[in-house]
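Colleague: Sharing a structure below in structure tokens format, with a few things to ask.
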Amino acid sequence: MNPTNETELADAIVSATGPLRIIGGDTRRIGHPVDGDALHTSGLSGITLYEPGALTLVAKAGTPLAEIKSALASENQRLPFEPSDMRGLYGATGQSTIGGVVATNASGPRRIQAGACRDSVIGVRFVDGQGQILKNGGRVMKNVTGYDLVKLMTGSFGTLGVLSEISFKVLPAPEASATVMIEGQSSAEAIASMSAALGSPFDVNGAAHVVGKTVIRVEGLEGSVKYRAAELVKKLGGSVVDFDWVTVRDLTDFANRAGDIWRFSVKPSDGPKLGAALCKTGALDVQFDWGGGLVWALAPEGSNLRTVLGDIGGNATLVRASEASANLPVFHPEPKAIEFLNAGLRAKFDPRNILNTGRMG
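Our numbering puts the last residue of the sequence shown at 1613; the count rises by one with no breaks.
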């Protein structure tokens, strides 16, 4: 099924007699495989409203991310949250769609300054599991009071409804960008440097430790960027270098390497402890983003790295799983109260339990 408008999408869901596998570009394969009929959103494509002066863009869910980036670039603007491109990790060849970005809350290195994807979404339209067309924010058809549907739908992995249209706030692109690189640091030293940079008055919007290098980014007006980068070098050492942040955003160093990929969210101060624990349990490589609060680990197939959290706290997601890890939970176990709340939401929006059934466990 490949509907080309919202009404056809609603009809497809109403007529479904079993589970549906929601597919955008099939490039963000986090979660358990879904056994169901394919429902594609690629036919719901196109930018429906773009007002550069109002810093607002509205697009249908199946619109390729590349098309949106191109339109924004033509007006010297961009999405604030720097969405990742996961195709390399999964060997995917399709086009990443904006609906997939929102459904997975895909947020890159700039999250530490600009917020996550959900912080840039100002409106959604979607079809729930009963075929109702619903909205929250943006342009309206039917509003559902009592729910912040923008927050609910962002990161719900298609389990509450199928996105049809999304409204975003966008931002001007910076005049200049600079990266300070410090080499040879341990993870503890790197996180100390990143924390110092983020706590400085120099408006850092990227702080990561990858392939043995600590990288810190500043953006803005050219004169300001040069000054802030120079001050960071004085404060932390290192030098200003040309650096492609796609390396951090898309985890390119892990892309062509065998193994499972785990994603940990912890307090930055716990990053070194977690990194050390991961290495002791056989992790092949560990990288840090968001100032140390986001930790990526490449592990041998079948390794349950979630156990290393112990008393550290935080959560772990199995982002890329091999067949040997098929029985491991992908998402971190939820507290009973949250599990109960989520079950209630699914019962409300998808009472037949047909939308991406089992994807989130």
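Yeah, the Cβ is synthetic: ideal placement off N, Cα and C, and Gly gets one too.
Using 8 Å for Cβ pairs, my map puts Pro-1335 next to Leu-1317. What's the rounded Cβ distance?
Modeller: Position 83 of the sequence shown, counted from the first residue, corresponds to residue 1335. Position 65 of the sequence shown, counted from the first residue, corresponds to residue 1317. With 8 Å as the limit, Pro-1335 and Leu-1317 qualify as a contact, their Cβ atoms being about 6 Å apart.
Colleague: Are the CB atoms of Phe-1409 and Gly-1218 within a distance shorter than 9 Å?
Modeller: No answer is possible for residue 1218: it lies beyond the span of the chain, which begins at 1253 and ends at 1613.
Colleague: In this structure, does DSSP put Trp-1497 in helix, strand or coil?
Modeller: Within the sequence shown, residue 1497 is the residue found at index 245, counting from 1. Reduced to three states, the DSSP call for Trp-1497 is coil.
Colleague: Between Ser-1429 and Glu-1471, how many whole angstroms is the CB-CB distance? I'm expecting something under 8 Å.
Modeller: One-based indexing of the sequence shown puts residue 1429 at position 177. One-based indexing of the sequence shown puts residue 1471 at position 219. With 8 Å as the limit, Ser-1429 and Glu-1471 qualify as a contact, their Cβ atoms being about 5 Å apart.
Colleague: Locate the alpha helix (DSSP H) running through Asp-1337, then write down its first and last residues.
Modeller: Mapped onto the sequence shown, residue 1337 falls at position 85. From DSSP, Asp-1337 is part of no alpha helix (DSSP H); its letter is neither H nor E.
Colleague: According to DSSP, is Leu-1423 helix, strand or coil?
Modeller: As a position in the sequence shown, residue 1423 is number 171, starting the count at 1. Leu-1423 falls in the strand class under three-state DSSP.
Colleague: One question on the structure: do Arg-1639 and Tyr-1342 come within less than 9 Å of each other, judged by their Cβ atoms?
Modeller: Residue 1639 lies beyond the range of the chain shown here (1253 to 1613); nothing can be said about it.
Colleague: If we ignore side chains and look at the alpha-carbon of each, how far apart do Asn-1395 and Gly-1413 end up?
Modeller: Here residue 1395 refers to the residue found at position 143 of the sequence shown. Here residue 1413 refers to the residue found at position 161 of the sequence shown. Low local confidence applies: a pLDDT of 46 at Asn-1395 is under 50, so the model's placement there is unreliable, with the coordinate-based value given in what follows. Between Asn-1395 and Gly-1413, the C-alpha separation is close to 14 Å.
Colleague: From Asp-1494 to Val-1432, what distance separates their C-alpha atoms?
Modeller: The residue you call residue 1494 lines up with position 242 of the sequence shown. The residue you call residue 1432 lines up with position 180 of the sequence shown. Taking the straight line joining both Cα atoms gives about 9 Å.
Colleague: Could you name the residues of the same chain whose beta carbon sits closer than 7 Å to that of Met-1393, not counting the 5 residues immediately before and after it, in chain order?
Modeller: Within the sequence shown, the letter at position 141 stands for residue 1393. Note that Met-1393 has pLDDT 36, beneath the 50 cutoff, so the model's placement of it is unreliable and the number below is only indicative. Excluding its 5 nearest sequence neighbours in each direction, Met-1393 has C-beta neighbours in its own chain below 7 Å: Arg-1377, Ile-1385 and Lys-1387, listed in chain order.
Colleague: Does the distance from the C-beta atom of Val-1500 to that of Asp-1541 stay below 9 Å?
Modeller: Within the sequence shown, numbered from 1, the residue matching residue 1500 stands at position 248. Within the sequence shown, numbered from 1, the residue matching residue 1541 stands at position 289. Yes, Cβ-Cβ distance for Val-1500 and Asp-1541 is below 9 Å.
Colleague: Residues in its own chain within less than 7 Å of Ala-1264 by CB, not counting five upstream and five downstream?
Modeller: For this step, residue 1264 is matched to residue 12 along the sequence shown. Correct list, in chain order: Met-1253, Pro-1255 and Leu-1291.
Colleague: Tell me the DSSP bridge mates of Glu-1435?
Modeller: The residue given as residue 1435 occupies position 183 in the sequence shown. Note: Glu-1435 sits in a beta bridge opposite Lys-1465.
Colleague: Count Cβ pairs between the region 1527-1538 and the region 1565-1582 that sit closer than 8 Å; are there 3 or more?
Modeller: no
Colleague: On the three-state DSSP scale, how would you describe Thr-1504?
Modeller: Counting from one through the sequence shown, the residue named residue 1504 turns up at place 252. Three-state DSSP puts Thr-1504 in a helix.
Colleague: Which same chain residues end up closer than 7 Å to Gly-1554 when comparing Cβ atoms and leaving out the 5 residues on each side of it in sequence?
Modeller: As a first step, residue 1554 is located in the sequence shown; it is residue number 302 there, counting from the start. Ser-1574, Ala-1576 and Ser-1577.
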